[in-house]
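Every number in our numbering is 39 more than the matching position in the sequence shown, counting from 1.
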Amino acid sequence: MDSQGRLFGKVSILDVGAALVILLVVFGIFVFPGASGSVAQGTRQPVEVDVVVRGLLTTNPKEIFRTGDTTNILVRKQPSGTAKVTEIKFLPRTVATPQPNGTLKVFPDPRPELALTTDMMLTLANEVPVVEGTPVLGAEKVKVGTTIELDGPMYNFASSVVAIRLKKS
């Protein structure tokens, strides 16, 4: 190394360091690419998922959904397959009212704007890969609390997973 920091009078030690960093980055990208783009390779198993829809604004939800319909599923805005709607349970909108004797009594919510608001629980069924006991839709593991977007010809809304049942095939 000479007085100007060059090896053999031609190559700067900083250039050698930069070249080594670039080689290490290229090596890391191609030799250890990570898990991006991986697809779930678990065994396929029938799965039922209960999702709750709260505050859906529609004039007649019974016209939009029917038991037996197929809906498209999006998880984190990515298309993740389809599922069959096997059960629809409409949840009542109620309000707890204190009584003079100290007890609570439940009544239907009287607010007129709630006539267009629907709460319901849908049961969705399909056969999907199951990896380590967790169903996978598209490339995303689905767990209780996961937000699933349901998309059909007349609707698009978000729902939240509240129960998952793995069926024996």
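Glycine residues also receive a C-beta, built at the ideal position from the N, C-alpha and C atoms.
Nothing here was measured: the structure is a model prediction, and the numbers come from that model.
| query | How many whole angstroms separate the CB atoms of residue 90 and residue 187, which I take to be in contact at a CB cut-off of 8 Å? | reply | The sequence position of residue 90 within the sequence shown is 51, counting from 1. The sequence position of residue 187 within the sequence shown is 148, counting from 1. The pair is a contact, with the Cβ atoms about 6 Å apart (cut-off 8 Å).
| field | Opposing strand residues paired with residue 154 [DSSP bridges] | value | One-based indexing of the sequence shown puts residue 154 at position 115. According to DSSP, which records beta bridges pairwise, residue 154 is partnered with nothing at all.
| request: Excluding the 5 residues preceding and the 5 following residue 158 in the sequence, name in chain order all residues of the same chain whose CB lies nearer than 6 Å to its CB. | output: The residue you call residue 158 lines up with position 119 of the sequence shown. The answer, listed in chain order, is 93 and 130.
| said: My output table needs one value for residue 116: the three-state DSSP class, helix, strand or coil. | reply: For the purposes of this step, residue 116 is taken as residue 77 along the sequence shown, with counting starting at 1. In this structure, residue 116 counts as coil in the three-state DSSP scheme.
| message | So, at 7 Å on beta carbons, what are the nonlocal neighbours of residue 176 in its own chain, with the 5 sequence-adjacent residues on each side left out? | response | For the purposes of this step, residue 176 is identified with residue 137 of the sequence shown, where counting begins at 1. Scanning its chain for C-beta atoms nearer than 7 Å, with the 5 sequence neighbours on each side dropped, one finds around residue 176 the residues 112, 114, 119, 120 and 167, in chain order.
| Residues in its own chain within less than 8 Å of residue 117 by CB, not counting five upstream and five downstream? | Along the sequence shown, one-based indexing puts residue 117 at 78. Taking C-beta separations shorter than 8 Å and ignoring five residues to either side along the sequence, the partners of residue 117 in its chain run 177, 178 and 179, following chain order.
| Between residue 82 and residue 163, what straight-line distance do the alpha-carbon atoms span, to the nearest angstrom? | For the purposes of this step, residue 82 is taken as the residue at position 43 of the sequence shown. For the purposes of this step, residue 163 is taken as the residue at position 124 of the sequence shown. Cα-Cα distance, rounded: 19 Å.
| message | My assumption, with CB atoms under 8 Å, is that residue 103 sits in contact with residue 97. Please give the rounded CB distance. | response | Residue mapping note: residue 103 aligns to position 64 of the sequence shown, counting from 1. Residue mapping note: residue 97 aligns to position 58 of the sequence shown, counting from 1. Right, the Cβ-Cβ distance comes to about 6 Å (below 8 Å), so this counts as a contact.
| Simplified DSSP assignment, three categories, for residue 100 | Position 61 of the sequence shown, counted from the first residue, corresponds to residue 100. Here DSSP, grouped into helix, strand and coil, assigns residue 100 to helix.
| request: Tell me whether residue 151 is buried or exposed, calling it buried when 16 or more other Cβ atoms sit within 10 Å of its Cβ. | output: Residue 151 sits at position 112 when you count from the first residue of the sequence shown. Result: exposed.
| request: Return the CA-CA distance between residue 160 and residue 86, expressed in angstroms with no decimal places. | output: Locating residue 160 in the sequence shown gives position 121, counting from the first residue. Locating residue 86 in the sequence shown gives position 47, counting from the first residue. A direct Cα-Cα distance of roughly 16 Å separates residue 160 from residue 86.
| Of all the options 62, 68 and 205, which has the alpha carbon lying nearest to the alpha carbon of residue 170? | Here residue 170 corresponds to residue number 131 of the sequence shown, with the count starting at 1. Looking at the Cα atoms, 205 is the closest of the given residues.
| said: Give me the residue from 197, 201 and 193 with the minimum Cα distance to residue 108. | reply: As a position in the sequence shown, residue 108 is number 69, starting the count at 1. Residue 108 has its Cα closest to that of 193, out of 197, 201 and 193.
| task | Would you mind stating whether residue 133 and residue 145 have Cβ atoms separated by less than 8 Å? | result | Residue numbering aside, residue 133 sits at position 94 when the sequence shown is read from its first letter. Residue numbering aside, residue 145 sits at position 106 when the sequence shown is read from its first letter. With a cutoff of 8 Å on beta-carbon distance, residue 133 and residue 145 are scored as near each other.
| said: Could you give the first and the last residue of the continuous alpha helix (DSSP H) run that contains residue 55? | reply: Position 16 of the sequence shown holds residue 55. For residue 55, the enclosing alpha helix (DSSP H) stretches over residues 52 to 70.
| query | Taking all protein chains shown into account, do 16 or more other C-beta atoms lie within 10 angstroms of the C-beta of residue 122, making it buried, or fewer, making it exposed? | reply | Mapped onto the sequence shown, residue 122 falls at position 83. The residue is buried, with at least 16 neighbouring Cβ atoms inside 10 Å.
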